[in-house]
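Asks: Each step along the sequence shown adds one to the number in UniProt numbering, with nothing skipped, and position 49 is 49.
Beta carbons are placed, not taken as given, at the ideal position from N, Cα and C, and that holds for glycine.
Nothing here was measured: the structure is a model prediction, and the numbers come from that model.
Structure in structure tokens, see below.
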Amino acid sequence: MAHDGDETTEHMIEGTRAAREAAEEAVEDVHEDADELEERLESEGLEPGADDEE
């Protein structure tokens with residue numbers, strides 16, 4: 001028989017795992033977006049990471 005504390009801990013662990021998975025997916029999405037932006041810049045003859053000088 002599980003104690004309330006055990007159930008709460010398990011619930012917290014599951015929540016942490018779900019949050020970690022969501023964060024990992026978000027990081028992957030950001031990397032994909034950055035790659036797409038870099039490709040767009042290069043296709044327009046611009047250098048990714050170059051500073052604008054005025």
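Distance, Cα to Cα, G49 vs E24?
Replies: Rounded to whole angstroms, G49 to E24 spans 24 Å at the Cα level.
Asks: Who are the near neighbours of E47 in its chain, counting only those whose CB is closer than 6 Å to its CB and skipping five residues on each side?
Replies: Here the set comprises nothing.
Asks: Under three-state DSSP, which class holds E44?
Replies: Looking at E44 - three-state DSSP - the assignment turns out to be coil, as it is neither helix nor strand.
Asks: Quick check on DSSP: helix, strand or coil for M49?
Replies: It is worth fixing the name first, because residue 49 is Gly in this sequence and not Met. Coil at G49, not helix or strand.
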